[in-house]
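Residue numbers (full-length UniProt numbering): 1 to 359.
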Amino acid sequence: MKVFSIAALTIVVACSVVIEAKKFGKCELAKALANNGIAKASLPDWICLVQNESAFSTSATNKNKNGSTDYGIFQINNKYWCDSGYGSNDCKIACSSLLNDDITDDIKCAKLIHKRHGFNAWYGWKNHCNGKTLPSVRICLVENESRYDSTALNAKNKDGSTDYGIFQINNRYWCAEGKVGPNECKLQCRSLRDDNIIDDIRCAKFIYARHRFNAWVAWRNKCNGKTKPILLAVVVSCSVSEAKTFTKCELVKALYSRGIPKKSLPDWVCLVQWESSFRTTATHVNDDGSTDYGIFQINNQYWCDSSYGSNACRYLLTDDISDDIKCAKLIYSQHRFEAWYGWVQHCKGQSLPDVSECF
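Structure below.
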């Protein structure tokens, strides 16, 4: 990939239009993608793609051997997707508009490309991201609440309450000191100050499900709307066990062993690919405030319980997808594949994945 030098960019500007070049930060790009409808589960793939295609530069261009040119942060090709008087312009956009620092139109076009071809449309993703360790980000919330200290204690709240641990969880509502307080998270406050933060994460996710990040003063004051290291999916999608990304054949075998018929396996694999990118810890907050959980993106408005009961949504975020499959089969029995937008938009009537190699 090529990024214009200052001299080369000056020549382009002098000969055409003024282009405001920008190099995005990783977390800044993640926020822009999420705000423009990119599923949180797939953000690491998009970030890796951009990193290896354009090095996050909005003014990047690359001349290919066939005479075509790739433009902008997503390296969109003028043979098919944008107009420079060369190709078909399926995105109905001028290639020059892909070189400014407003990437709204770039994202719209990239989503169309992904809808048709998946991430395989980009060599940067195929060569450097597919099956590889994907980029991660830090979270602003924890940085400003506790400085990442799991033993942090703040007893200086005006109402006399105390905040505990790495997420500064308050004893007035969420944890108990002995038997005092409503204890919504059903745990003792002292357990939030050890170096095992699994229970902290569970409780933080519960708080987030009810109040989003506004529950934390530090986030409101120092993160909301600021350019800081933040990806909203981090707190929401932390699992109580190690995250797992299934391979196609791993998923096929798991589905088949739990009663999914062979003939429908391609549809299930396609569904999971588009709903969660095969990730067990995927979550997505919908416009109506509900949340989709796990590898099948099961919704808490109808199918699982956001609290800590026996049908808790959190069980859908573990490596063991037995309960996920059981619930997905129930959903399918009532609504078929139409229950999942990922299947309706990307799999229905489309060419489905070949699973024959998995047997």
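Ideal Cβ placement from N, Cα and C applies to all residues, glycine included.
- By the CB criterion at 9 angstroms, Ile73 and Asp106 fall inside the cutoff.
- With contacts defined as CB atoms closer than 9 angstroms, Trp343 and Asp267 qualify as a contacting pair.
- Taking a contact as a CB-CB distance under 8 angstroms, the pair Asp292 and Thr283 counts as one, their CB atoms being some 7 angstroms apart.
- In the DSSP annotation of this structure, Tyr341 is not part of any beta strand (DSSP E); the continuous alpha helix (DSSP H) holding it starts and ends at Tyr341 to His346.
- In this structure, the CA atom of Asp194 is about 9 angstroms from the CA atom of Ile166.
- Taking a 10 Å sphere around the C-beta of Gly25, we find fewer than 16 other C-beta atoms and assign the residue as exposed.
- In the three-state reduction of the DSSP assignment, Lys23 falls in the strand class.
- Non-local C-beta neighbours of Asp287 in its own chain, meaning closer than 7 angstroms and more than five positions away in sequence, are absent.
- Taken in chain order, the complete alpha helix (DSSP H) segments of 4 residues or longer contained in the region 267–355 are 322–335 and 341–346.
- One Cα belongs to Ala204, the other to Ile169, and the distance between them is close to 8 angstroms.
- Judged by beta-carbon spacing, Asp319 lies beyond the 9 angstroms limit of Lys253, meaning their Cβ atoms are not closer than that value.
- Taken through DSSP and simplified to helix, strand or coil, Thr104 comes out as helix.
- For Ser97, the three-state secondary structure derived from DSSP is helix.
- Cβ atoms of Asp305 and Ala312 come within 8 angstroms of each other, at about 5 angstroms.
- When DSSP states are grouped into helix, strand and coil, Tyr208 belongs to the helix group.
- Within the DSSP bridge table, the entry for Ile76 names Tyr71 as partners.
- Judged by DSSP in its simplified three-state form, Asp90 adopts coil rather than helix or strand.
- Per the C-alpha coordinates, the member of Tyr80, Phe56, Arg116 and Ala55 positioned closest to Gly67 is Tyr80.
- In this structure Leu265 is not in contact with Cys347, their Cβ atoms being roughly 12 angstroms apart against a cut-off of 8 angstroms.
- Bridge partners of Thr58 according to DSSP: none are assigned.
- Here the region 88–105 lies against the region 51–62, with 3 or more beta-carbon pairs under 8 angstroms apart.
- By the C-beta density criterion, Arg210 is exposed, having fewer than 16 other C-beta atoms within 10 angstroms.
- Around the beta carbon of Asp200, 16 or more other beta carbons lie within 10 angstroms, which makes this residue buried.
- Cα atoms of Lys92 and Cys327: separation of roughly 41 angstroms, rounded to the nearest angstrom.
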